[in-house]
Structure formats: C-alpha cells, structure tokens
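Novice: Let me begin by handing over the structure; questions about it come next.
In our numbering, the protein residues as written are 10 to 164.
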C-alpha cells in the first residue's frame with residue numbers, strides 16, 4: 010500500500026513501512042529534491058507510481074527505486090511549472106487525466122503523444138476535487154459546488 014503524506018511517500022508491505030523522499034539524481038554528487046507534500050498518487054498497470062505534489066509531477070519506478078519526470082518517459086507529456094496536482098487518473102483508452110488546484114484539467118494521449126488543456130462550456134472551475142471514469146467511459150469532474158460531464162474533451 011502506498012501513502013502520500015506531508016513528508017513524502019510511505020509504502021507498507023504488510024510487515025513494515027518504508028519512506029521515500031521524491032528526488033531525481035542529476036549527477037553522481039547531487040540530487041534534485043522535490044516538494045515532500047504529496048497531494049496525488051496513481052498506480053498504473055505498467056507498475057509505475059505517478060506522484061503529484063504541490064509543485065510537480067513525477068513517476069516512481071519501484072524496481073529501480075528512482076523518480077523520473079514524465080516527459081523523460083512519455084513524449085509530449087509537458088506541463089506548466091509549479092502546479093498543485095489534485096487527482097490523477099488513467100482511463101480505459103490509456104488517456105492520462107491530470108486535475109490541478111488552480112490550473113484546470115489536462116489530458117495526455119499516449120496514442121498521439123499529445124497533452125491538451127481541457128475546455129469548459131462557461132467559466133472554468135478553479136478547484137477540481139476529483140475526476141472519475143464511468144464503466145461506459147464517460148469522464149466526470151467534481152468541484153466543491155458543481156459536477157461536470159466530459160463530452161469529446163469539453164466539460
């Protein structure tokens with residue numbers, strides 16, 4: 010089991026906990042340390058743990074015990090700097106949905122190696138609380154006051 014906390018990531022294997030501080034090795038003498046405030050976790054079918062913080066998005070490889078930037082593994086997965094990640098989801102079509110605190114909703118298509126910022130009919134919400142996928146593939150987005158249904162990338 011994986012837990013995101015205000016002090017990094019913890020993994021429980023049924024017997025003991027192990028703590029991880031998000032960092033990426035830049036050279037043999039230095040690591041780049043990231044925000045330890047973990048705000049979103051998503052474990053995908055390829056055995057990667059997607060980690061969202063109050064400032065960045067990373068991917069953790071449990072076999073090498075290393076963190077990587079998503080753009081190092083997925084062409085076109087580029088995001089603006091310093092975003093607060095709220096919710097991560099990969100749908101049944103292998104699209105990666107990224108909900109943020111104040112920067113809206115993004116969707117990355119692995120098939121097309123393309124990132125899109127989603128549009129809204131009306132005013133775009135600021136604080137997205139959750140995104141979910143129904144069994145029929147519809148994507149829903151929830152804010153503190155409204156629920157949106159996505160149709161062809163428009164909410």
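Virtual Cβ for every residue (Gly too), placed ideally from N, Cα, C.
Tell me residue 28's beta-bridge partners as DSSP assigns them.
Specialist: In the chain shown, residue 28 corresponds to position 19, counting from 1. Paired residue(s): 19.
Novice: In the DSSP output, which residue or residues are listed as bridge partners for residue 96?
Specialist: Here residue 96 corresponds to residue number 87 of the chain shown, with the count starting at 1. Looking at the DSSP assignment, residue 96 forms a beta bridge with 108.
Novice: Considering just the uninterrupted stretch of the beta strand (DSSP E) at residue 158, what are its terminal residues?
Specialist: Indexing the chain shown from 1 puts residue 158 at position 149. Taken as a continuous stretch (DSSP letters only), the beta strand (DSSP E) holding residue 158 covers 156-158.
Novice: Which same chain residues, not among the five before or five after residue 152, have their C-beta less than 7 Å away from its C-beta?
Specialist: Taking the chain shown and counting its residues from 1, the one referred to as residue 152 is at position 143. Excluding residues within five positions, the ones whose Cβ falls inside 7 Å are 134, 136, 137 and 138.
Novice: Within its chain, find whatever has a CB closer than 8 Å to the CB of residue 116; leave out the 5 residues flanking it on each side and keep chain order.
Specialist: On the chain shown, residue 116 is found 107 positions in, with the first residue counted as 1. Taken in chain order, the residues that qualify are 104, 105, 106, 107, 124, 125, 127 and 162.
Novice: Residues in the same chain with beta-carbon distance under 7 Å from residue 53, minus the five sequence neighbours each way, listed in chain order, please.
Specialist: For this step, residue 53 is matched to residue 44 along the chain shown. For residue 53, where only same-chain residues beyond five positions count, the Cβ hits under 7 Å are 59 and 99.
Novice: Please state whether DSSP places residue 123 in a helix, a strand or coil.
Specialist: As a working mapping, residue 123 is identified with position 114 in the chain shown. In this structure, residue 123 counts as strand in the three-state DSSP scheme.
Novice: Quick check: what's the CA-CA separation for residue 156 versus residue 164?
Specialist: What you label residue 156 is simply residue 147 of the chain shown in a count that begins at 1. What you label residue 164 is simply residue 155 of the chain shown in a count that begins at 1. One C-alpha to the other measures close to 9 Å.
Novice: As a quick exercise: from 63, 57 and 84, pick the residue whose alpha carbon is nearest that of residue 73.
Specialist: Residue numbering aside, residue 73 sits at position 64 when the chain shown is read from its first letter. Taking only the C-alpha atoms, the option nearest residue 73 is 57.
Novice: Under three-state DSSP, which class holds residue 142?
Specialist: Here residue 142 refers to the residue found at position 133 when the chain shown is read from its first residue. Looking at residue 142 - three-state DSSP - the assignment turns out to be strand.
Novice: Taking 6 Å as the limit between beta carbons, can you name the residues of its chain near residue 51, skipping five residues before and five after?
Specialist: Taking the chain shown and counting its residues from 1, the one referred to as residue 51 is at position 42. 59 and 97.
Novice: Span of the beta strand (DSSP E) holding residue 150?
Specialist: Working through the chain shown from its first residue, we reach residue 150 at position 141. Residue 150 -> beta strand (DSSP E) spans 148-152.
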